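A.B. asks: Top line first, the protein sequences correspond to chains A and B.
Take the first sequence: its position 55, counting from 1, is numbered 54 in numbering that gives the first Met the number 0, and each next residue is one higher.
Take the second sequence: its position 76, counting from 1, is numbered 75 in numbering that gives the first Met the number 0, and each next residue is one higher.
Quick one: this structure, given as structure tokens, is what I'll be asking you about.
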Amino acid sequence: MPVGYGRVVASEIEGAADAALLADLRGVLGDRARDNDFERGLYSRDGSIEGSSPAIVCLPTSAADVAQIVRICRQHRRPFLARGSGTGLAGGAVPVGRPVVVATSKMDRIIEVDIANRIAWVEPGVLNLDLSRALSPLGFHFAPDPSSQQVCSIGGNIANNSGGPHCLAYGVTTAHVAALEVVLPSGEITVFGGVDAEPPGFDLRGLFVGSEGTMGIATKAAVRLTPNAPTVRTLLLDFDDVSEGSAAVSAIIAAGLVPSALEMMDQRAIEIVEAFAHAGYPTGAAAVLLVELDGLGGGVEAGVEIVREVAERHHAGHVRVAADDAERALLWKGRKNAFGAVARIKPDYYLHDTVVPRSRLTEVLEKVYRIADAYDLIAVNVFHAGDGNLHPILAFDRREPGVDERVKAAGRDIVAASIEAGGVLSGEHGIGLEKRDYMGMLFSTHDMYTQDLVRETFDPDGLANPLKIIPTGSRCSDSFHQHVPEGAWV
Amino acid sequence: MNRRSSGGSEPQWEGASTGSPDAGASLAANIAAEVTAFAHEVGSCDPVTVVGAQAHWDVGGTPLAGTREVRAPAGVWEHEPSEMTVRCGAGTTVADLSAHLAQTGQMVPLDPADDAATVGGVLACGFSGHRRLRYGHVRDLVLQTRHVDASGKVVTAGGPTVKNVSGYDLARLLVGSLGTLGLLAEVILRTLPVPAASQWLTGDGDPFAAFDLLYRPSSILWNGSHAWILLEGDPADVAAEASKLEPAGFAPCDGPPPIPAVGRESMRPSDLRALAGTGGEWLAEVGIGLVHRHEAVQAAPVAPANALLMDQLKQRLDPDNRLNPGRRPW
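Structure (structure tokens):
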């Protein structure tokens with residue numbers, strides 16, 4: 000769990016309006032509609048560094064509940080926003096415009112596992128790892144595996160089109176969602192996509208995945224089951240030189256391998272992870288690569304040999320092959336908990352997410368270190384090297400005066416450096432609030448206008464998680480009339 | 000269009016010398032010129048239809064008579080084998096793309112029945128090939144699109160890297176839209192290594208049992224009495240998987256019969272079993288739920304709420320109905 004921070008400034012309470020809204024919501028949900036300060040505080044932030052307080056928090060247990068909440072919000076012209084586990088890192092679940100938060104945590108049933116169609120129907124509050132654990136005895140798993148998978152929800156994965164280390168071979172969430180039951184911003188319930196081969200019409204399912212709750216609220220999903228690989232090999236390679244490590248990444252891919260995961264950690268990351276996980280990571284190394292190959296035995300063993308050859312060519316110090324599942328789990332424990340381990344050097348961190356072409360990894364990494372130095376911050380790099388997905392961590396102490404501004408400025412410079420190298424704004428965390436105003440670095444005004452036209456089709460009144468993804472001013476329309484509360488960083 | 004032209008990683012125009020920033024800049028300028036020329040050709044006034052190889056010309060209805068025809072740019076513009084991405088004009092034929100990628104042992108498994116089909120045509124129809132079981136839907140191979148919209152402007156969606164969640168996923172919306180929301184000009188696709196070994200097997204064993212037996216087969220086609228199974232990967236693995244199939248009555252063969260190319264009936268994979276014993280010539284994709292027929296197939300109805308959204312999307316993105324009038328993907 001990220002150690003985010005934020006300023007929650009209570010805005011002037013429009014008491015009467017909130018009270019009337021709460022009364023209507025209580026009519027449907029009873030005490031599952033709440034407005035106490037404690038819970039509003041709990042739901043005021045996500046894993047990002049943004050924060051703003053909701054008016055009311057609702058805990059629906061069914062799609063019908065969600066539809067009623069949305070209809071009531073429409074009657075009151077009040078924004079609403081879905082929230083899973085709140086682990087998002089781009090501010091997508093930060094309440095803006097004094098909205099009603101629709102927390103999906105009580106909608107956490109695995110409804111049906113349908114092996115014949117290799118589908119599981121789940122509610123949005125099911126946790127990612129719980130689903131894979133439930134599928135494991137049947138020989139399957141849900142492929143997207145964000146580092147937060149112990150706590151993040153399937154609904155959140157859908158909203159953010161989440162990734163994870165194993166998306167290198169298996170693709171991000173959208174490739175693993177066949178159908179979605181959705182409560183539209185109109186309050187109507189419908190199903191996008193389907194379990195059948197080619198559902199007719201435009202791919203509304205594909206549009207919805209990754210739309211961060213701005214096109215409605217998913218209340219059920221048919222997710223695809225991926226068969227567990229018969230053979231898995233996990234290798235740890237260490238390098239004296241970061242650029243050799245990066246070059247090895249490209250060489251592995253160029254050799255025709257598609258590892259199921261190809262992760263890199265820099266020296267600082269190795270040190271903090273080893274101090275916490277005791278996985279035997281080589282603390283003197285400048286970089287390590289964690290390479291996982293899975294599939295049938297022949298291809299995997301041939302791949303191990305290719306990785307060994309690449310390692311030798313790029314002067315890797317050691318090639319450690321995990322001997323068994325326990326050792327493999329230990330190596331992954333270090334990787335997946337690296338972010339929390341940052342607390343060993345500084346109490347707070349800001350985690351970035353950009354993607355660059357693999358061939359530019361070394362150059363952009365060097366820039367990241369320079370940027371961090373320039374703003375007197377500490378950069379730690381743990382990332383999905385195989386797909387060029389950088390995750391620079393800026394470690395800091397929020398008690399230092401003026402540090403917020405430095406963190407934000409450094410973040411912006413990292414995004415700019417990534418885009419300059421031919422990259423994109425986000426690989427798997429989404430845009431949310433954090434990168435909304437950077438969209439113009441990647442897209443033209445007309446591109447964003449077009450995206451907003453599409454969004455508006457779903458939500459002409461701008462009530463579904465407003466002010467996210469698309470910068471204000473992309474349209475001349477008045478669809479962004481919501482008041483941004485004072486103190487919210489948007 | 001030129002916003003990335005200053006990037007140092009701009010690729011080489013086909014045949015251009017590598018490594019020189021000038022070559023990169025001139026490549027970017029050449030691509031931009033091709034796309035801009037297409038945008039001018041599409042214009043902003045009259046009804047237009049984009050013509051590829053006409054391999055899927057009747058899908059979703061034929062264009063209204065008198066609709067002006069335009070052609071998307073063709074050419075494999077950038078292929079970085081170590082990035083596993085390829086950038087090409089939407090008018091490039093799948094045959095040309097495949098031949099180019101094969102030089103470095105890569106592929107994009109679009110697999111149309113006729114490889115004279117264009118990349119843009121395959122994507123506009125959203126028709127995955129017979130290896131979808133292994134490689135996924137064609138829309139999951141698309142990283143970035145540039146299309147010309149109804150106002151004649153170029154719109155970029157997605158991003159050039161293998162992983163990207165920046166902004167709304169308009170690229171997925173365009174796949175399968177039959178060119179009714181925008182005309183594809185350029186795409187960046189994800190490439191994959193060509194498998195080291197590839198083997199078809201055929202027999203009269205149970206294809207559903209075979210699917211459960213195998214680890215990620217590339218294709219299982221079934222006509223109600225016989226099945227054709229494609230195994231791909233490391234030679235040792237292909238041999239081992241094939242040996243699992245032999246007791247079930249499967250033996251190596253050259254490949255499946257031609258896949259019927261007229262109708263595509265979509266059902267749940269589990270519903271295919273019920274086709275056993277039904278007449279007619281058809282070939283079904285086991286594990287996917289698609290039945291290829293020689294006859295046209297009535298499309299399933301779209302839920303009213305979805306139809307309304309689709310109509311409104313069309314209305315917003317093409318208010319004058321000038322993009323491929325006469326076609327409708329549902």
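All C-beta atoms in this analysis are idealised placements derived from N, C-alpha and C, irrespective of residue type, glycine included.
All figures in this text were calculated on a predicted structure; none of them were measured in a lab.
Short check: CB of histidine 175(A) to CB of alanine 142(A), under 8 Å?
C.D. replies: yes
A.B. asks: Quick one: which chain B residues come within Cβ less than 9 Å of arginine 524(A)?
C.D. replies: With chain A covering 0 to 489 only, the question about residue 524(A) has no answer from this structure.
A.B. asks: Is the beta carbon of serine 265(B) sitting closer than 8 Å to the one on aspartate 412(A)?
C.D. replies: no
A.B. asks: Would proline 465(A) pass as a contact of valine 121(A) if the rule is Cβ separation under 8 Å?
C.D. replies: no
A.B. asks: Which residues, taken in chain order from the segment 336-358 of chain A, show a beta carbon closer than 8 Å to some beta carbon of chain B?
C.D. replies: Cβ contacts with chain B: Val354, Val355, Pro356, Arg357, Ser358.
A.B. asks: Put proline 251(B) into one of helix, strand or coil per three-state DSSP.
C.D. replies: It is a strand residue.
A.B. asks: Please report whether the beta-carbon of glutamine 266(A) lies at a distance below 8 Å from any beta-carbon of chain B.
C.D. replies: Not flagged as an interface residue toward chain B: glutamine 266(A), since no C-beta distance is shorter than 8 Å.
A.B. asks: Are the beta-carbon atoms of glutamate 82(B) and serine 358(A) separated by less than 8 Å?
C.D. replies: yes
A.B. asks: Apart from the five residues on each side of it in sequence, which residues of its chain come closer than 8 Å, Cβ to Cβ, to leucine 179(A)?
C.D. replies: Once the five neighbours on either side are set aside, the close Cβ partners of leucine 179(A) are Ile157, Val190, Phe191, Gly192, Arg204, Phe207, Val208, Ala217, Lys219, Ala220, Ala221.
A.B. asks: Does DSSP classify tryptophan 329(B) as helix, strand or coil?
C.D. replies: coil
A.B. asks: Residues of the segment 159-189 of chain B in Cβ contact with chain A at a cutoff of 8 Å, in chain order, please.
C.D. replies: Pro159, Thr160, Val161, Lys162, Asn163, Val164, Ser165, Gly166, Tyr167, Asp168, Leu169, Arg171, Leu172, Val174, Gly175, Ser176, Leu180
A.B. asks: Counting only beta-carbon separations shorter than 8 Å, does methionine 438(A) have a partner in chain B?
C.D. replies: yes
A.B. asks: State the start and end residues of the unbroken alpha helix (DSSP H) segment that holds glutamine 266(A).
C.D. replies: 266-276
A.B. asks: So which residues on chain A does serine 197(B) lean against when the C-beta distance must stay under 7 Å?
C.D. replies: Correct list: empty, because the minimum Cβ distance to chain A is about 13 Å.
A.B. asks: In chain order, what are the residue ranges of uninterrupted alpha helix (DSSP H) at least 4 long that sit wholly in the segment 279-349 of chain A?
C.D. replies: 296-312, 324-335, 337-340
A.B. asks: Give me whichever residues DSSP pairs with phenylalanine 238(A) in a beta bridge.
C.D. replies: Ala286(A)
A.B. asks: Using the C-alpha atoms, what's the distance from isoleucine 271(A) back to arginine 334(A)?
C.D. replies: 11 Å
A.B. asks: Nearest chain A C-beta to asparagine 305(B) closer than 8 Å, yes or no?
C.D. replies: yes
A.B. asks: How would you call glycine 29(A), buried or exposed, if buried means at least 16 neighbouring beta carbons within 10 angstroms?
C.D. replies: exposed
A.B. asks: Is the beta carbon of threonine 353(A) less than 8 Å from the beta carbon of valine 423(A)?
C.D. replies: yes
A.B. asks: So which of Gly40(A), Asn116(A), Leu80(A), Ala408(A) has the shortest CA-CA distance to serine 269(B)?
C.D. replies: Asn116(A)
A.B. asks: Hey, which unbroken runs of the beta strand (DSSP E) at 3 residues or more fall wholly within the segment 188-251 of chain A?
C.D. replies: 188-192, 216-223, 230-238
A.B. asks: Quick check on the burial criterion: 16 or more other C-beta atoms within 10 angstroms. Buried or exposed for aspartate 233(B)?
C.D. replies: Label assigned to aspartate 233(B): buried.
A.B. asks: Could you tell me which whole beta strand (DSSP E) segments of length 3 or greater appear in the segment 170-231 of chain B?
C.D. replies: 182-189, 196-202, 218-221
A.B. asks: Quick one: list the residues of chain A neighbouring methionine 83(B), beta-carbon separation under 7 Å, in chain order.
C.D. replies: Ile252
A.B. asks: Is the number of C-beta pairs between the segment 64-75 of chain B and the segment 30-50 of chain B that are closer than 8 Å three or more?
C.D. replies: yes
A.B. asks: What do you reckon, are the CB atoms on leucine 462(A) and proline 59(A) nearer than 8 Å?
C.D. replies: no
A.B. asks: Report yes or no: do the segment 361-381 of chain A and the segment 253-272 of chain A share at least 3 C-beta pairs separated by less than 8 Å?
C.D. replies: yes
A.B. asks: Is there a C-beta anywhere in chain B that falls below 8 Å from the one on aspartate 45(A)?
C.D. replies: No, aspartate 45(A) lies away from the interface with chain B (no Cβ there is under 8 Å from its Cβ).
A.B. asks: Using CA atoms only, rank isn't needed, just tell me which of Thr117(B), Gln143(B), Asp211(B), Gly120(B) is closest to leucine 137(A).
C.D. replies: Asp211(B)
A.B. asks: Heavy atom of the ligand ADP less than 7 Å from the Cβ of proline 391(A), yes or no?
C.D. replies: What this structure holds is no ligand at all, so the ligand ADP is not there to describe.
A.B. asks: Is it the case that the Cβ atoms of proline 192(B) and glutamine 105(B) are separated by a distance below 8 Å?
C.D. replies: yes
A.B. asks: Are at least three pairs of beta-carbons, each pair with one atom in the segment 322-329 of chain A and one in the segment 416-430 of chain A, less than 8 Å apart?
C.D. replies: no
A.B. asks: Using a Cβ cut-off of 8 Å (strictly closer), state whether glycine 119(B) contacts chain A.
C.D. replies: no
A.B. asks: With 16 as the cutoff for other CB atoms within 10 Å, does aspartate 396(A) come out buried or exposed?
C.D. replies: exposed
A.B. asks: Quick check on cysteine 57(A): does DSSP put it in helix, strand or coil?
C.D. replies: strand
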